[in-house]
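Below is one structure, written out as structure tokens; comments come after it.
In the numbering used here, the protein residues as written are 676 to 1331.
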């Protein structure tokens, strides 16, 4: 029964084709999404990732083909950007995820009030009311109505809100925080398929980590677009690449996909080259002996062999990349910017206290730390965009180029790509506008597109292109990699490595920061602390494995040092074998628990669908013991989940 149920849960993409301006984004693509899949959708900006998500969500129709859903499938879609105009509080807005359950709750209260006024307990009307109330109570319980507020609080806290934020109106929060509420609503609705388009762009690392954990244990399928390598590796177990209208499906996380893709192309090239050599040899034989009657049979045999040969093809790859370098930095003094005793308050809240900082000519530094610790605020202080206490002094002949977190929002959506650059270009640069745009992959008709129709990645590239128009000797970049694809991030990093001016970089992207900066400043408790070197020097100094440790709000309990004497001898082979055997046993137990969890979740989901649907609920009531079976399945699931956690802990301790 379980295998049959799971087979029904497949969503199939059937020969899908979409084209814009005469070129196919997808051309006859097909693949399957299974009910527990965690799929990372990858490809360059503009490859069609967002378009595919919109088709899944029913917001776009393909020119050809279809997406087939099993009955009862529900879809939750989080776009990259969306306008929210809610006047509700954060809690009330998040509670909208439970509107169907809350409506049942209203019915329960109405039925209860009506019963209070009934005096004839033997009447048919009284019995009908009791039956309606019982049915509503059961549905309310099945749909999680008893834990609604606790569930909402758990998700909101996980996504970075404080308890004090719950009763604040949505209008008080930035667009990024409002997007977190929209994400919370989707997660609380628990759709069969979650479609997430760059969900980490508006999150800090702590929230990203929480979301990773949530998605790993999510009961439905997840199809997501992200340019965060770590996030993809931690969540997905399958990667679907979109390239030049085709898709390539890998049963692997992102890092493994990169290696497998390279191996695939390398293998294809080797096979292709060997076949070409074989063809050349055969053709030489045919040409040499075509006119000799004694070789006629052999020549004819080889001709037929060539005609029947199935030619090896190498998958075409998209080699288009942005190409740019920052203009040479104008001459300047030895100090780019100097801060002395800088403090900043927002009302009663002290964000920065007595900050001293000097950025020297040509120096590249990184600002790291939890969101809300003042990194972006200090950037705005340096730019004189906010009032502050203390002194800020720019060095001699310093010119500043600034890329804000919301840089793409500052673009005029009604202007075209060309107009965006043309309006600010001066002097000799005006004749190079098309070349500049071309180096950022805006060519042909794309330069006449309005900014408002561009993807997030295209807007980011356009904003970067604007930065090239004026040479500067101090670059300040606040989360510049949001919306950029993997290749574009690498190219930006290489351009920054070759940039000869000073750089202040705010980022949580460890891969991007590696080897890029010479100093790291950690923001914590309204102060900053300096570490000499790049991000890995900082991580080693803090004894951290990832920047996620910076994002934890809860303070780790002090662990007493174990007075275990260090052994000078290596573990002997027998002991190592025994350890390996134990690890394999634990891994097998984890795998068995996961198998049972999958089966139980499938059976519970099947019963959920029956009990929640009013049409099938009445029939289900006729099945003896259906509710006790439902409760028993939940108990079994909890038992297996507890076992899974136990064995996971054992595995981590054994490895440690």
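A virtual CB, placed ideally from N, CA and C, is assigned to each residue, including glycine.
Boundaries of the beta strand (DSSP E) around residue 753: 750-753. In this structure residue 907 does not touch residue 1132 by the C-beta definition: roughly 16 angstroms separates them, more than the 8 angstroms allowed. For residue 916, the pairing in a beta bridge is given by DSSP as 717, 923. Judged by DSSP secondary structure, residue 783 falls within the alpha helix (DSSP H) whose first and last residues are 774-791. Contact between the region 760-779 and the region 840-860 is established, with three or more Cβ pairs separated by less than 8 angstroms. Annotation: residue 805 to residue 780 spans about 15 angstroms, alpha carbon to alpha carbon. Annotation for residue 1046: 879 place their beta carbon closer than 6 angstroms to its own, counting only its chain and skipping 5 residues before and after. Contact annotation: the region 1254-1272 touches the region 1318-1328, with at least three C-beta pairs closer than 8 angstroms. Under the rule that a run must span 4 or more residues, the alpha helix (DSSP H) segments found entirely inside the region 951-1006 read 971-983. Straight through space, the alpha carbons of residue 1126 and residue 1148 are spaced by roughly 28 angstroms. In the three-state reduction of the DSSP assignment, residue 1124 falls in the coil class, being assigned neither a helical nor a strand state. With respect to the C-alpha of residue 1042, the residue from 1134, 913, 1195 having the closest C-alpha is 1195. In the structure shown, the three-state DSSP call for residue 896 is strand.
For the set 812, 935, 1119, 869, the Cα lying nearest the Cα of residue 777 is the one of 812.
Spatial neighbours of residue 1013 in its own chain (CB-CB distance under 6 angstroms, excluding positions within 5 residues in sequence) are listed in chain order as 1033, 1068. Contact between residue 977 and residue 961 holds, since their C-beta atoms are separated by about 6 angstroms, short of 8 angstroms. Rounded to whole angstroms, the separation of the alpha carbons of residue 1176 and residue 1170 is 12 angstroms. DSSP, read as helix, strand or coil, puts residue 844 in strand. Contact check for residue 943 and residue 987: beta-carbon distance about 7 angstroms, within the 8 angstroms limit, so the pair qualifies.
With a cut-off of 8 angstroms on Cβ pairs, the region 1090-1101 is in contact with the region 1111-1122, counting three or more such pairs. Residue environment: residue 792 is assigned as exposed (fewer than 16 neighbouring CB atoms within 10 Å of its CB, all protein chains considered). The beta-carbon separation of residue 735 and residue 726, rounded to 6 angstroms, stays under the 8 angstroms limit for a contact.
Residue 720 and residue 1202 have their C-alpha atoms roughly 38 angstroms apart.
With a threshold of 16 other beta carbon atoms within 10 Å, residue 1190 falls short and is exposed. In the same chain as residue 694, and ignoring 5 residues on each side of it, the C-beta atoms closer than 7 angstroms to its own belong to 700, 738, in chain order. Per DSSP, residue 816 has no beta-bridge partner at all. Contact between the region 1137-1144 and the region 1054-1074 is absent: fewer than 3 CB-CB pairs across the two stretches fall below 8 angstroms.
Relative to the Cα of residue 983, the nearest Cα in the group 1279, 1004, 1000, 954 belongs to 954.
In this structure, 1145 is the residue among 1075, 1145, 1212 with its C-alpha nearest to the C-alpha of residue 1096. The closest CA to that of residue 743, considering only 849, 730, 752, is found on 730.
Take the alpha-carbon of residue 867 and the one of residue 958: they are about 57 angstroms apart. Counting the other Cβ atoms within 10 Å of the Cβ of residue 723 gives 16 or more, which makes it buried.
Between residue 764 and residue 844, the gap from beta carbon to beta carbon is short of 9 angstroms. Between residue 1054 and residue 1151, the C-beta spacing is below 9 angstroms. With a beta-carbon spacing of about 6 angstroms, residue 732 and residue 870 fall inside the 8 angstroms limit used to define contacts.
A residue is called buried once 16 or more other Cβ atoms fall within 10 Å of its Cβ, and residue 1039 is buried on that count.
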